[in-house]
C-alpha cells in the first residue's frame, strides 16, 4: 500500500510539519475561545444538556370528581381508586410522590401524584429526524441518480433528453423553491387525490424527503454519468464483442468499475444533502435546525445551541465520510 | 464464411477521413488472412466493421450468410461467434484472469458456473498460464494479458477470430509467446483475420496477405508471392520501408 511506503520515508522535516499543524490547530481553537470570552455574552453551557435529555415532572391528574376510595401499594406500584355516585376510575401511579390521601375529595384536574421521567430533548429529537430524513433521501436519491446517469449516456433520445432535462432543471433551481413546490403544489394535489379514495394524507415529512431525494438524484446522475464515461471505451468494446448486450456490459463490466470512481464525489454529495435537509424546517418538519431555532426562542441561549447544532451536523457528516472511506477501502481490497 | 462486398466508411470527427472505400473480400472457413498496411490505411476499421464495432456506411457484410448490417439481425449473436482480440488487451480489471474467461460464458452463453470454470481452466492451460488463474490483469505482464484475452475470446467457442494488432502494445520479448498461441490456433484450423505488423508471422502462417492503403485493398496474394514478388508500386514501397 502507498501509505505504508510513506511511513518508511518519514524524516525530521515531516515531524516538523506535523508539529506545525498541531500548533496552528491549537492556535485556532485558542483564538476561538478568546473571542467567545471577549464578547458580551453570558455562556451557560451547563444548560445545554437539557436539550438532549431532561428529567420531566409528570403529573397524573384526576379525570373525574369524587372521593379517593382506596390507595393500594403493591410491588412498588400504586393504584388510586376514585369513586362518585355514578362511576369509579382507577389510576396507576408511582408511589414516590402521592399528593392525596384516602377519603380526600378531588375535583376534575386535581393532581393525584407526580413523578420524574427522563425524556429526549429537542436537539436529540431533531438530530434523529435529520438522520432519518437524510438516510431515506440518500437511498432514494442514489437509486434515482443511478437510473438518471445511465439514461444520460444512453443512445435513446427520449431517455437521454429526459435525464438531461431533469438534471438541468433540478440543479438550476433553488432547493427552497423545490421544497415549496413539492409540499404546496404536488403535496396538495396528491393529498386531494388520496382524500378522494379516503386514504389519509401523507405527512409533510414524505414530501420533504421526496424533494431532497429528487434534488440529490440530479447531482448523483451527473456523478454516475461522469463515472461511466471515465471507463475506457475498450472495456465496453471488449464486453460487446463477446456478445454481451448493452445492459449486460453495463451491469457486469462498466458499473462495477465505475462505482469506485463514483464513491468519493458521492460522499461529498451526501454530505451536502445532510446539510440541505436543514431547509425542511420551512414545511414544519422539526429537523435539527428547526429544533435548534425553537430551542433558541425559548431559552435565549443562541450561541451555545447553534454551536451544538453545528457540532451535531459535523458528527453526522463526519461519520458518513468515514463510512464511505471504509467502503472504498473494502472495494479496493476486493479488487 | 465472411463475405464483404463494397463497404465504405467515413469518419467525420475530428476531421473527415474516408477510412474504407468500396472494400470487398471473401474469407473462407479455416483461412488465415493477414491484413497489413501503413497506419491510417483502414485495416483496423475493416476488421472492426466485421463484428459491427464500427458500422459500415454502405455495402454488405455477410457472416455465415447472415447480413449483419440489416437492423433485423441480432448482432450480439453474431459477435459471440466472432472472437475479437484488441491491441490494448481490454481485459476486465475488476476480475481475475479466470473470471475474465467465465463472465461471458455465463452471461451470454448461459452456461453453468461449473461448466464455464472447467472450460476457462482448460483454455488458460492451453495458452500456458493456468498458474495465473487467480491473478488480476494489473499483475500480469503484457504478453500474459494478451494470452488471457485470446483465451477469453476462445471461451465463447467462436467460428472465427479477429485480431487487431495483437502484438503492437507488447514489449519485444513478449511478442513471441502471443504469436505462438496464434500459430497454434491457425494450425488447429481456426478462421483468422489478423491485422498486424509482424511480417514474419504473415510469411509463416498466413494463407493470404492483404495490403491496404488509403481505405482500399491494393493487393492480395499468398505470402510467397506477396513478399517476393509484389505487383503494385505502393506495396513495394511499403515492404521496402519495413523489411
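Chains as they are written, first to last, in the working numbering: chain A, 1051 to 1385; chain B, 128 to 370. Beta carbons are placed, not taken as given, at the ideal position from N, Cα and C, and that holds for glycine.
Helix, strand or coil: how does DSSP classify residue 262/B here? As a working mapping, residue 262/B is identified with position 135 in the second chain. In the structure shown, residue 262/B sits in coil (DSSP, three-state: anything other than H, G, I, E or B).
Does the beta carbon of residue 1379/A come closer than 8 Å to any beta carbon on chain B? For the purposes of this step, residue 1379/A is taken as the residue at position 329 of the first chain. By this cut-off, residue 1379/A is not an interface position.
Within the stretch 1140-1225 of chain A, ranges of the alpha helix (DSSP H) (whole runs, at least 4 residues): Runs found: 1172-1202 and 1207-1222.
CA-to-CA distance, residue 1372/A to residue 1186/A, given in whole angstroms: Taking the first chain and counting its residues from 1, one reaches residue 1186/A at position 136. Taking the first chain and counting its residues from 1, one reaches residue 1372/A at position 322. Spanning the alpha carbons of residue 1186/A and residue 1372/A requires a straight line of approximately 19 Å.
Just to confirm the assignment: which complete beta strand (DSSP E) runs, minimum length 3, are found wholly within the stretch 279-361 of chain B? Annotation note: the stretch 279-361 of chain B contains the following uninterrupted beta strand (DSSP E) runs of length 3 or greater, listed N- to C-terminal: 287-291, 318-322, 335-340 and 343-348.
Is it the case that the stretch 1098-1109 of chain A contacts the stretch 1160-1171 of chain A, given that we only count it when at least three CB pairs across the two stretches are under 8 Å? Result yes; three or more Cβ-Cβ pairs closer than 8 Å.
Please go through the same chain and pick out, in chain order, the residues whose beta-carbon is closer than 8 Å to the beta-carbon of residue 1183/A, but skip the five residues on each side of it. To locate residue 1183/A, count along the first chain from 1; it is residue 133. Scanning its chain for C-beta atoms nearer than 8 Å, with the 5 sequence neighbours on each side dropped, one finds around residue 1183/A the residues 1255, 1258, 1259, 1262, 1327, 1330, 1335 and 1337, in chain order.
Beta carbon proximity, residue 1279/A to chain B, threshold 8 Å: Here residue 1279/A corresponds to residue number 229 of the first chain, with the count starting at 1. Between residue 1279/A and chain B, the shortest Cβ-Cβ separation is not below 8 Å.
Is it buried or exposed, residue 179/B, if we count other Cβ atoms within 10 angstroms and call 16 or more buried? As a first step, residue 179/B must be located in the second chain, where it is residue number 52. With 16 or more other Cβ atoms from the protein chains shown falling within 10 Å of its own Cβ, residue 179/B counts as buried.
Output, in sequence order along the chain, the residues in the stretch 1289-1323 of chain A whose CB is closer than 7 Å to any CB in chain B. Legend: CB atoms of the stretch 1289-1323 of chain A lying less than 7 Å from CB atoms of chain B belong to residues 1290, 1291, 1292, 1293, 1294, 1295, 1298, 1302, 1303, 1306 and 1307.
So, for residue 220/B: in the same chain, excluding its five sequence neighbours on each side, which residues have a beta-carbon less than 8 Å away from its beta-carbon? Taking the second chain and counting its residues from 1, one reaches residue 220/B at position 93. Cβ-Cβ distances below 8 Å link residue 220/B to 263, 264 and 265 in the same chain, with the five nearest sequence neighbours on each side left out; the list follows chain order.
Within chain A, partners of residue 283/B - CB distance below 9 Å: As a first step, residue 283/B is located in the second chain; it is residue number 156 there, counting from the start. Annotation: Cβ neighbours of residue 283/B in chain A (cutoff 9 Å, chain order): 1292 and 1293.
Compute the Euclidean distance between the alpha carbons of residue 1302/A and residue 1279/A, then round it to the nearest angstrom. Walking along the first chain from the start, residue 1302/A turns up at place 252. Walking along the first chain from the start, residue 1279/A turns up at place 229. Each residue's alpha carbon lies about 15 Å from the other.
Three CB pairs or more closer than 8 Å across the stretch 131-144 of chain B and the stretch 1199-1211 of chain A: Too few Cβ pairs lie closer than 8 Å, so no.
Would you say residue 203/B reaches chain A, if we count a Cβ-Cβ gap shorter than 8 Å as a contact? In the second chain, counting from the first residue as 1, residue 203/B sits at position 76. At a cut-off of 8 Å between beta carbons, residue 203/B contacts chain A.
Buried or exposed for residue 1380/A, please, with buried defined as at least 16 other CB atoms from any protein chain shown within 10 angstroms of its CB. Within the first chain, residue 1380/A is the residue found at index 330, counting from 1. Result: exposed.
Cβ closer than 7 Å: which chain B residues qualify as neighbours of residue 1284/A? As a first step, residue 1284/A is located in the first chain; it is residue number 234 there, counting from the start. Within chain B, the residues 213, 215 and 217 have their CB atoms less than 7 Å from the CB of residue 1284/A, given in chain order.
Proximal chain A residues relative to residue 231/B, where beta-carbon distance stays under 7 Å: Within the second chain, numbered from 1, the residue matching residue 231/B stands at position 104. Neighbours of residue 231/B on chain A, chain order: 1292, 1293 and 1294.
So the beta strand (DSSP E) residue 1291/A belongs to, where does it begin and stop? Counting from 1 along the first chain, the entry for residue 1291/A is found at position 241. It is not in any beta strand (DSSP E) - residue 1291/A instead sits in the alpha helix (DSSP H) that spans 1283-1291.
Residue 159/B (DSSP reduced to helix, strand or coil): Start at 1 with the first residue of the second chain, and residue 159/B comes out as number 32. Note: residue 159/B maps to strand in three-state DSSP.
So with CB distances below 9 Å, who are the chain A contacts of residue 180/B? Numbered from its first residue, the second chain carries residue 180/B at position 53. Those are 1287, 1290 and 1291, listed as they occur along chain A.
According to DSSP, is residue 217/B helix, strand or coil? Here residue 217/B refers to the residue found at position 90 of the second chain. Under the three-state reduction of DSSP, residue 217/B is assigned to coil, being neither helix nor strand.
So the alpha helix (DSSP H) residue 1242/A belongs to, where does it begin and stop? Numbered from 1 along the first chain, position 192 holds the residue referred to as residue 1242/A. That run of the alpha helix (DSSP H) goes 1237-1246.
By Cβ distance below 6 Å, which residues in the same chain neighbour residue 1324/A in space, the five residues on each side in sequence not counted? Residue numbering aside, residue 1324/A sits at position 274 when the first chain is read from its first letter. Contacts found: 1184, 1366 and 1367.
Could you check if residue 1218/A is buried or exposed, using at least 16 other CB atoms within 10 Å of its CB as the buried criterion? Your numbering for residue 1218/A matches position 168 in the first chain. Its Cβ having fewer than 16 others within 10 Å, residue 1218/A is exposed.
Cα-Cα, which of 1153/A, 1172/A and 1353/A is closest to residue 1085/A? Numbered from 1 along the first chain, position 35 holds the residue referred to as residue 1085/A. The residue with the shortest Cα to Cα distance from residue 1085/A is 1353/A.
For a test of the three-state rule: what should DSSP assign to residue 1051/A, helix, strand or coil? Reading the first chain from its first residue, position 1 is the one you call residue 1051/A. The pLDDT assigned to residue 1051/A is 42, lower than 50, so where the model puts this residue is not dependable; a value taken from the coordinates is nonetheless given after this. DSSP places residue 1051/A in coil when its eight states are reduced to three.
Once DSSP output is grouped into helix, strand and coil, what is the label at residue 1102/A? Within the first chain, numbered from 1, the residue matching residue 1102/A stands at position 52. When secondary structure is reduced to three states using DSSP, residue 1102/A falls in the coil class, being assigned neither helix nor strand.
Tell me the rounded alpha-carbon separation between residue 1342/A and residue 1362/A. One-based indexing of the first chain puts residue 1342/A at position 292. One-based indexing of the first chain puts residue 1362/A at position 312. A direct Cα-Cα distance of roughly 11 Å separates residue 1342/A from residue 1362/A.
Check residue 1273/A in the structure and name its three-state DSSP category. The residue you call residue 1273/A lines up with position 223 of the first chain. Residue 1273/A: helix per DSSP, three-state reduction.
Spatial distance of residue 1052/A from residue 1064/A (CA atoms): Reading the first chain from its first residue, position 2 is the one you call residue 1052/A. Reading the first chain from its first residue, position 14 is the one you call residue 1064/A. Bear in mind that a pLDDT of 45 at residue 1052/A, under 50, signals an unreliable position, so the model cannot answer this.
Selection from 153/B, 146/B, 319/B and 348/B that minimises the alpha carbon distance to residue 182/B: One-based indexing of the second chain puts residue 182/B at position 55. Considering only alpha carbons, the answer is 146/B.
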